[in-house]
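J.:
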Amino acid sequence: MTQTLLEVKKLSNFIGGEWVESDSSKAVINPATGETVVEVPLSNAKTVDQAVDIAKKAQKEWALEPAPMRAEVLYRVGYIMKERKERLSQLLTMENGKVIEEARGEVQEGIDMAFYMAGEGRRLFGNTTPAELKDKFAMSVRSPVGVVGIITPWNFPIAIATWKSFPAIVAGNAVVWKPATETPIMAYELAKIFEEAGLPKGVMNVVFGAGSAVGDAMVNHDDIRVISFTGSNDTGRSIASKCGEQLKKVSLEMGGKNAVIVMEDADLNLAVEGILWSAFGTSGQRCTACSRVIVHEDVKEDLENRLLAEMKKLTIGNGLDESIKVGPIINQAGMDKIKSYIEIGKGEGAKLLAGGYEMNEGPHKNGRYFAPTLFTDATADMRIAQEEIFGPVVSLVPVKSFEEAIEVNNGVTYGLSSSIFTSDVNRVFKAQRDLDTGIVYVNAGTTGAEIHLPFGGTKGTGNGHRDSGVQALDVFTEWKAVYVDFSGKLQRAQIDN
Ligand code: UN1
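Under full-length UniProt numbering, the first residue of the sequence shown is numbered 1, with each subsequent residue one higher.
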């Protein structure tokens, strides 16, 4: 099926507008079926050097192009993505496993980002500020940083790439992009779209590579001035320290331990829908996935029963089938991690109410599936309630009060997303103030961020920067203060006024 959609059996790097092969490659496996989808090239530091050299030259020209003209390319990218939405969504499901409805949603995020950032081409606002001296003009303008490096994960292979590359491009930078090798097709397709949209050669370059060979070369390259990374905590921290030594700007998004709070005054039907969608959508493989439910003790049993009843209705399988709600787990490392947390949870004394096993029978034989899992009676300090699992596993933590719920929500090292279900307006406003996460939802699950708002988190989730939203421009631009003295004489600030 993939081969009827994809014209090639092996993908290529995209460097300076050319399709460049590598010496070695590896198979990309559809996690829903175990079948090989395509081969992805594996490159090295030499390929990165080549891409950066070309990007550096291309960027000089690109930055001189007026921003509204740069934006024209992004509009064209958006229209082509829109035309190809179904093709892209199907390919995304085949390489990543997420169900087709969610794949369409992800591609839509990318389309939205294209039009949103294209609009920025006619804004890219700076500030004018009164100067201290007469006949002197002062302003702050954004200028591109040069060549930027973006490193993106497999769980949102197209959306996250657009959050990073579109603002970088409209701001006048050139990009070297390392996509995850589990999901390279979205990168290949996006590179083709850039080519067709008329992006000048060398402004966008894609280098595929496994392990750290390509990523390290990017992080350590003198001519890459910014690294924007989404992925695991360990890798993010190591990138941050390497960038720190080089005084290189780095933007990190490294996951969450997101909770839904259910108060005793909540609409429980709505809360159940929100929890199911956020905990088991994308098989829990979202940075924003709900993996804790902090529930008021008065409604704990009721909530458990409702969740169990609804979980029985979840269909698990190949996401190309429109009736499937939960897809597979991306790779064996992901599966092993999920399984290890089931044992950890049991060992810590949490009660396993549903799931907790790999599904190997019948339609699940060839793919890699894990049954949606519910633990209850977890305590806030247990590892299953503290550490990111990245799978369809959710733990209920009972609490006695609103104040305790906020404290438990905030008592983890991560700070990406949180949610509260309540009908008390005072609690709504207190919660939005006191929940220590970069994203807060009221009466909705923890997932579903929109692209024109900042995406990112507090504490161990990142380092203070944001993806998407107008805030993403801060990652890919430098502020320049410009003073124009039109007095015709030398005026000395702080002295002559
Ligand atoms: C991620 O999991 O890294 O808010 C991205 C959401 C999606 C993006 C998730 N719009 O759940």
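Using N, Cα and C, we set each Cβ at its ideal position, and we do this for glycine too.
1) Distance, Cα to Cα, P452 vs I160?
2) Closest by CA to L320, which one among E101, T446, I439, R70?
3) For E264, which of S401, G317, V470 has the nearest alpha-carbon?
4) Counting pairs of Cβ atoms below 8 Å between the region 418-436 and the region 382-398, do you hit three or more?
5) Say yes only if the C-beta of R286 is nearer than 7 Å to one or more non-hydrogen atoms of ligand 1, and no if none qualify.
6) By Cβ distance, which residues of its chain are closer than 8 Å to A289, with the 5 residues on each side in sequence left out?
7) Among the residues of its own chain, which have a CB less than 7 Å from the CB of A27, if the five just before and after it don't count?
8) Of the choices F166, E18, N443, whose alpha-carbon is the least far from that of F476?
9) Considering only residues of the same chain and omitting the five flanking positions on each side of E272, which have a CB-CB separation below 8 Å?
10) Please state whether DSSP places N155 in a helix, a strand or coil.
11) Measure the C-alpha to C-alpha separation of K351 and V326 and round it to an integer number of angstroms.
12) Quick one: residues in its chain with C-beta nearer than 8 Å to the C-beta of residue 579, no 5 flanking neighbours on either side, listed in chain order?
13) Per DSSP, which residues does H296 bridge with? Please list them.
14) Assuming A187 contacts V206 under a Cβ cut-off of 8 Å, what Cβ separation, rounded to an integer in Å, is found between them?
15) What separation, rounded to the nearest whole angstrom, lies between the Cα atoms of K60 and N366?
16) Assuming S140 contacts A472 under a Cβ cut-off of 8 Å, what Cβ separation, rounded to an integer in Å, is found between them?
17) So, for W19: in the same chain, excluding its five sequence neighbours on each side, which residues have a beta-carbon less than 7 Å away from its beta-carbon?
18) Can you check which of these residues, S25, A32, K136, S238, is closest to G362 by C-alpha distance?
19) P184: buried (16+ other C-beta within 10 angstroms of its C-beta) or exposed?
20) I need the straight-line Cα distance from N463 to A168, nearest angstrom please.
21) Based on Cα-Cα distance, which residue from S423, A217, E253 lies nearest to A45?
22) Output needed for A138: all residues of its chain with C-beta closer than 6 Å, excluding positions within five of it in sequence on either side, in chain order.
23) Is the closest heavy atom of ligand 1 to the C-beta of T183 under 7 Å?
24) Taking contact to mean at least 3 C-beta pairs separated by less than 8 Å, is the region 224-233 in contact with the region 189-207?
T.: The relevant details are as follows:
1) The sequence as given places His at residue 452; Pro does not occur at that position. So the two alpha carbons sit approximately 13 Å from each other.
2) Just measuring C-alpha positions, the residue of E101, T446, I439, R70 sitting nearest L320 is E101.
3) Looking at the Cα atoms, S401 is the closest of the given residues.
4) No contact exists between the region 418-436 and the region 382-398.
5) Taken from the Cβ of R286, at least one heavy atom of ligand 1 lies inside 7 Å.
6) For A289, where only same-chain residues beyond five positions count, the Cβ hits under 8 Å are G256, N258, S278, A279, G281, T282, F390, T446, T447.
7) Closer than 7 Å at Cβ, skipping near neighbours: T36, E39.
8) Answer by Cα proximity: F166.
9) The question names Glu, yet the displayed sequence has Val at residue 272. Correct list, in chain order: L303, R306, L307, E310.
10) It is coil, neither helix nor strand.
11) Cα to Cα, K351 sits roughly 23 Å from V326.
12) Absent from the structure is residue 579, since the part of the chain shown begins at 1 and ends at 497.
13) When beta bridges are read from the DSSP output, H296 appears opposite V399.
14) Contact between A187 and V206 holds: their C-beta atoms lie close to 5 Å from each other, under 8 Å.
15) Taken atom to atom, the span from the alpha-carbon of K60 to that of N366 is near 50 Å.
16) Between the beta-carbon of S140 and that of A472 there is about 18 Å, and that puts the pair past the 8 Å contact cut.
17) Correct list, in chain order: S12.
18) Of S25, A32, K136, S238, the residue nearest in Cα terms is A32.
19) So P184 counts as buried.
20) Cα to Cα, N463 sits roughly 19 Å from A168.
21) Check the Cα spacing between A45 and each of S423, A217, E253: the tightest is with A217.
22) Cβ neighbours of A138 beyond the five flanking positions: T129, A131, Y483.
23) Checking every heavy atom of ligand 1 against the Cβ of T183, none is found closer than 7 Å.
24) Of all C-beta pairs linking the region 224-233 to the region 189-207, fewer than three are shorter than 8 Å, placing the two stretches out of contact.
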